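Undergrad: The following block contains the structure, expressed as structure tokens.
Below you can see the structure in the form of structure tokens.
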């Protein structure tokens, strides 16, 4: 091995080491990490092309690359590296690019230029050994000098940590996240238990961490490894929405993952029980099931609190509900349908009530009427929904403030969780939750714990829609328990009857084949379409035409704000990454983009929040528009659709196209591949029935307008499979509610009842 000169060697093939600075990112794949960069070697007169795997390349980053010179038939001579490591740049130019890359908080391109102008190639030495000299730079006062010094010190610790983490096989991207989380303690904590990486770094798979642990000397039969593998196996069940895992299935999953004897796995399970990480219970049938402790506690909380609210229920207002309803109808000269009357009378009686129905069944009308009929000078009403978008729609429908459940419960991560809880409950006589099907079990438990006894709770939602992303199927379990009144709205009202989206949604719910527009007249007036294309390239061109011209012209909608493309794939021509790039190039002509982490960002881009920010009331899946990209490389959204406030996105994600599992506003174009496995992609199918659809049929032998005889019957049978898969989640809430005791609690911390 040799260290190369700045000029490529005459004979390719020899392993060399090159140190230099990333000048520009030509290509980067987020999925594989495959990267092509313009790279300036130290002391070289010109840049070279370097190709290899970098999880998160950054322009200005100084790297040491290990690889070989190769000649590509199309692109010519390239340096193909097999290993890379961060280093500090040695030249003034490299230092300026490094400091201005955004890696160090408080130093952007402008400040980097000033620092290097003042100190030249000694800039890093000044930062290390003479930080007091920073005040010699124009525009740097005492506070800014202290801030830069603190940021540089953190960066130094980060660099040392990064060297350690990369040395054990953690990629640059994940190493940076871990170092930001634990700072100087990172190396010590990882050495103590490498499997903590699974908890600390989202996206690292068990197999990756297992390899790292093996390199660090963790034996295959180590109790640490077996416990971590079992918890990971349980987590796989909860990620699919289940609240518990059958013991037999869990051991089978763990055996596949760990390759350990059953006796060793059972012993590790016993240790997890002793550590109060899991609980093993027996169902009435005798089947043993395994709960993560926090989900068992949440299930007990929901069952207990609902029983408590039902036991202490009182009418929302004076007078008989029937009489109040008649007066309302007389005053507003309006006649409710029979199901609506039943829902209102039941809700006015207090306690817990579920109102469920599909689109067009009058849930919004009921919400407004219930608020009017329960209103009094003393009444205190709380309106909330699991997501910001739903809360915004609820506020518009009710014509009064509504908020997310997190906002209502005053979530404060710095205070350890929700401020509103059993000890500090909500001041409310009536709590109405819209889109209640999106409540996962932990959030439902927190909400119910904060509702005082005697308060009425109305859960409104469509139980046939997609359940919550998190574990549990709370709304359906409450309905199935039979312990609370449930009103099902089935009548579609006149205005909604004209919508194919609405009527087909109800067809699918009933297990019937949806109606597709056949005649030219139907296609002209329809709000739902199936467009068949046979090749992925044709699908892309059709989507571009729909987004840019056909939908805006036909429905008067804005291409960026009102149209959403949804795809079940992340990779490939029809994947979210490729479609976002195509749509960005089509819809955004901004000439001052920002290249960050291998992605191009522009003013006017539609972006999606990819993690919850409770302080700003912005949540995973919320959409916004980039209105500015400042000198520090930070993207600012001046509009998050449901908030309307300024929010900063350090790492936004282009959202013109998004994955099918994220609920999307506006008029979606749903890409459906006929070859999708219905047992795995039922959610996309279900959403497609509610939305405008572009149908991708990869098999030209069976176009949708020429289905063979009997195909409709087969498809109707498949609908049952879709909905079984869509709604089936293993949960004990229904059973637990049947035995919930609303009396005084004891035996469980936090005021939760004994589970027996």
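In my numbering, the protein residues as written are 119 to 874.
Note that the Cβ used here is the ideal one computed from N, Cα and C, for glycine as well.
Keep in mind it's a predicted model, so treat the numbers as computed, not measured.
Taking 8 Å as the CB-CB limit, is residue 418 close to chain D?
TA: The structure shown contains no chain D; it is built from a single protein chain.
Undergrad: Taking 7 Å as the limit between beta carbons, can you name the residues of its chain near residue 677, skipping five residues before and five after?
TA: Walking along the chain shown from the start, residue 677 turns up at place 559. The residues are 665, 666, 670 and 705.
Undergrad: Look up residue 451 in the DSSP assignment and say whether it is helix, strand or coil.
TA: The residue given as residue 451 occupies position 333 in the chain shown. Residue 451 falls in the coil class under three-state DSSP.
Undergrad: Beta-carbon separation of residue 389 and residue 345 under 8 Å?
TA: Locating residue 389 in the chain shown gives position 271, counting from the first residue. Locating residue 345 in the chain shown gives position 227, counting from the first residue. Yes, the pair counts as a contact, with Cβ atoms nearer than the cut-off.
Undergrad: Return yes when at least one heavy atom of the ligand FAD lies under 7 Å from the C-beta of residue 458, else no.
TA: This structure does not include the ligand FAD; it has no bound ligands of any sort.
Undergrad: Of all the alpha helix (DSSP H) runs that stay within the bounds of the region 461 to 509, which reach a length of 4 or more residues?
TA: Segments of the alpha helix (DSSP H) lying fully in the region 461 to 509: 481 to 492.
Undergrad: Based on Cα-Cα distance, which residue from 449, 499 and 745 lies nearest to residue 573?
TA: Looking up residue 573 in the chain shown gives position 455. The option with the nearest alpha carbon to residue 573 is 499.
Undergrad: Run through DSSP, which three-state label would residue 558 get?
TA: Numbered from its first residue, the chain shown carries residue 558 at position 440. Reduced to three states, the DSSP call for residue 558 is coil.
Undergrad: Name the two residues that bound the continuous alpha helix (DSSP H) containing residue 672.
TA: Along the chain shown, read from residue 1 onward, the residue named residue 672 stands at position 554. Per DSSP, residue 672 belongs to the alpha helix (DSSP H) from 669 to 673.
Undergrad: In terms of residues, what are the limits of the beta strand (DSSP E) holding residue 182?
TA: Taking the chain shown and counting its residues from 1, one reaches residue 182 at position 64. Unbroken beta strand (DSSP E) run through residue 182: 180 to 190.
Undergrad: Helix or strand or just coil, what does DSSP make of residue 522?
TA: Here residue 522 corresponds to residue number 404 of the chain shown, with the count starting at 1. If DSSP states are grouped into helix, strand and coil, residue 522 belongs with the strands.
Undergrad: Quick check on residue 394: does DSSP put it in helix, strand or coil?
TA: As a first step, residue 394 is located in the chain shown; it is residue number 276 there, counting from the start. The answer is coil: DSSP assigns residue 394 none of H, G, I, E or B.
Undergrad: What residue range is occupied by the uninterrupted beta strand (DSSP E) comprising residue 569?
TA: Start at 1 with the first residue of the chain shown, and residue 569 comes out as number 451. Segment: none, residue 569 is in no beta strand (DSSP E) and carries neither H nor E.
Undergrad: Rounded to whole angstroms, what's the CA-CA distance from residue 132 to residue 848? Just pull it up for me.
TA: Against the chain shown, residue 132 aligns to sequence position 14. Against the chain shown, residue 848 aligns to sequence position 730. Those two C-alpha atoms are separated by around 57 Å.
Undergrad: What residue ranges within the region 201 to 254 form continuous alpha helix (DSSP H) runs of no fewer than 4 residues, ordered along the chain?
TA: You should have 210 to 217, 227 to 237 and 241 to 247.
Undergrad: For residue 358, which three-state DSSP category applies?
TA: Position 240 of the chain shown, counted from the first residue, corresponds to residue 358. Residue state, collapsed to three classes: coil.
Undergrad: Helix, strand or coil for residue 159, going by three-state DSSP, please let me know.
TA: As a working mapping, residue 159 is identified with position 41 in the chain shown. Here residue 159 sits in strand by DSSP.
Undergrad: Under the rule that 16 or more other beta-carbon atoms within 10 Å means buried, what is residue 246, buried or exposed?
TA: For the purposes of this step, residue 246 is identified with residue 128 of the chain shown, where counting begins at 1. The residue is exposed, with fewer than 16 neighbouring Cβ atoms inside 10 Å.
Undergrad: According to the neighbour-count rule (16 or more other Cβ atoms, all chains shown, within 10 Å of its Cβ), is residue 547 buried or exposed?
TA: Within the chain shown, numbered from 1, the residue matching residue 547 stands at position 429. So residue 547 counts as buried.
Undergrad: Between residue 472 and residue 502, is the Cβ-Cβ spacing less than 8 Å?
TA: Here the question's residue 472 lines up with position 354 in the chain shown. Here the question's residue 502 lines up with position 384 in the chain shown. Contact: no.
Undergrad: When you compare each of 434, 651 and 556 to residue 587 by their alpha carbons, which one comes out closest?
TA: Stepping through the chain shown from its first residue, residue 587 is reached at position 469. Out of 434, 651 and 556, 556 has the C-alpha closest to the C-alpha of residue 587.
Undergrad: Roughly how many angstroms lie between the CA atoms of residue 857 and residue 597, to the nearest whole one?
TA: Here residue 857 is taken as the residue at index 739 of the chain shown, counted from 1. Here residue 597 is taken as the residue at index 479 of the chain shown, counted from 1. Rounded to whole angstroms, residue 857 to residue 597 spans 15 Å at the Cα level.
Undergrad: Would you mind sorting residue 452 into buried or exposed? The rule is 16 or more other CB atoms within 10 Å of its CB.
TA: As a first step, residue 452 must be located in the chain shown, where it is residue number 334. Exposed, since its Cβ has fewer than 16 Cβ neighbours within 10 Å.
Undergrad: Ordered along the chain, which non-local residues of its own chain (more than five positions away) have a Cβ less than 7 Å from that of residue 327?
TA: Position 209 of the chain shown, counted from the first residue, corresponds to residue 327. Same-chain partners within the cutoff: 312, 313, 315 and 316.
Undergrad: Out of curiosity, what's the CA-to-CA distance linking residue 448 and residue 564?
TA: Walking along the chain shown from the start, residue 448 turns up at place 330. Walking along the chain shown from the start, residue 564 turns up at place 446. Rounded to whole angstroms, residue 448 to residue 564 spans 40 Å at the Cα level.
Undergrad: Using the Cα positions of residue 479 and residue 493, report the straight-line distance between them to the nearest angstrom.
TA: For the purposes of this step, residue 479 is taken as the residue at position 361 of the chain shown. For the purposes of this step, residue 493 is taken as the residue at position 375 of the chain shown. When rounded, the distance between both Cα atoms is 24 Å.
Undergrad: How big is the Cα-Cα spacing for residue 594 and residue 649?
TA: Here residue 594 corresponds to residue number 476 of the chain shown, with the count starting at 1. Here residue 649 corresponds to residue number 531 of the chain shown, with the count starting at 1. So the alpha carbons of these two residues sit roughly 34 Å apart.
Undergrad: In the DSSP assignment, find the beta strand (DSSP E) that holds residue 145 and state where it starts and stops.
TA: In the chain shown, the residue the question calls residue 145 occupies position 27. Note, residue 145: beta strand (DSSP E), 134 to 146.
Undergrad: Quick one: residues in its chain with C-beta nearer than 6 Å to the C-beta of residue 576, no 5 flanking neighbours on either side, listed in chain order?
TA: By one-based count along the chain shown, residue 576 stands at place 458. Correct list, in chain order: 465, 471 and 550.
Undergrad: What separation, rounded to the nearest whole angstrom, lies between the Cα atoms of residue 647 and residue 662?
TA: Counting from 1 along the chain shown, the entry for residue 647 is found at position 529. Counting from 1 along the chain shown, the entry for residue 662 is found at position 544. Looking at the two C-alpha atoms, the distance is approximately 16 Å.
Undergrad: State the DSSP-derived secondary structure class of residue 679, mapped to helix, strand or coil.
TA: Along the chain shown, read from residue 1 onward, the residue named residue 679 stands at position 561. Of the three classes helix, strand and coil, the one that applies to residue 679 here is coil, per DSSP.
Undergrad: How about the region 321 to 337 and the region 359 to 368: do they share at least three Cβ pairs that are nearer than 8 Å?
TA: As far as the Cβ criterion goes, the region 321 to 337 does not touch the region 359 to 368, which means the pair count is below three.
Undergrad: Exposed or buried, residue 201, counting other C-beta atoms within 10 Å across all chains shown (16 or more means buried)?
TA: As a first step, residue 201 is located in the chain shown; it is residue number 83 there, counting from the start. Classification for residue 201: exposed.
Undergrad: Could you tell me which residues DSSP pairs with residue 607 in its beta bridges?
TA: Looking up residue 607 in the chain shown gives position 489. According to DSSP, which records beta bridges pairwise, residue 607 is partnered with 475.
Undergrad: Cα separation between residue 424 and residue 566?
TA: Taking the first residue of the chain shown as position 1, residue 424 is located at position 306. Taking the first residue of the chain shown as position 1, residue 566 is located at position 448. Answer to the nearest angstrom: the Cα atoms are 7 Å apart.
Undergrad: Could you name the residues of the same chain whose beta carbon sits closer than 7 Å to that of residue 823, not counting the 5 residues immediately before and after it, in chain order?
TA: Here the question's residue 823 lines up with position 705 in the chain shown. Legend: pLDDT at residue 823 = 36, less than 50; position of this residue unreliable, value from coordinates given subsequently. Contacts found: none.
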